[in-house]
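Okay, so the sequence shown: first residue is 0 according to the working numbering, each after it adds one. Encoded as structure tokens, the structure appears first; notes follow it.
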Amino acid sequence: MPKKHQIIEAAIRIFARDGLEKGKIADIAKEAGIGKGTVYEYFSSKADVFKAIEEHVTTGMIDVVAEVLKKPISAEEKLRSIFSISVEHINHMGDELLIVTELLVHGARGHMFDEGTNTMVDMYSTYR
0 MPKKHQIIEA AIRIFARDGL EKGKIADIAK EAGIGKGTVY EYFSSKADVF
50 KAIEEHVTTG MIDVVAEVLK KPISAEEKLR SIFSISVEHI NHMGDELLIV
100 TELLVHGARG HMFDEGTNTM VDMYSTYR
């Protein structure tokens, strides 16, 4: 597993266990079995780790939604398909869902939320 992915997975476990506020970079490093300095080789701050988790969680979903939107099916069928895929994705998220929910509730995402929203709006505009 690439080291960056290893750090993201460790961060998800730490933030799920300790929460966003109490989870520390040192704890993430220990969980990943690496030094704290190694985490900083990949991420400049805890906020940077949050953004990586958000990207980790949403990237695959955005790709799947884009594929559904390209299909020559009715808008209703697209919506049903996207809803079904979204529910299935959420059901398999586990700790990732806890982290994303906490990021949303506490507003820790800031501009990252706008970025994700812009991506979805761009997709809608392209494929509607």
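Cβ coordinates follow ideal geometry from the N, Cα and C atoms, glycine included. The model shown is predicted, which means the values in this text are computed figures rather than measured ones.
- Item | For E101 and I72, the rounded distance between their alpha carbons | Taking the straight line from one Cα to the other gives about 35 Å.
- Mind checking which residues open and close the alpha helix (DSSP H) that includes H148? This structure cannot speak to residue 148, because the chain is shown only from 0 to 127.
- Task: Return the first residue and the last residue of the alpha helix (DSSP H) that I24 is part of.
- Result: 24-31
- Item | Assigned secondary structure, M92 (DSSP; H/G/I helix, E/B strand, else coil) | coil
- Message: Check whether the region 53-66 and the region 77-94 touch, using three or more Cβ-Cβ pairs below 8 Å as the test.
- Response: yes
- Task: Note down, in chain order, each residue of its chain lying with its Cβ closer than 7 Å to the Cβ of R12, except the 5 sequence neighbours on either side.
- Result: E30, D94
- Query: Can you give the Cα-Cα distance for L68 and G36, rounded to whole angstroms?
  - Reply: 42 Å
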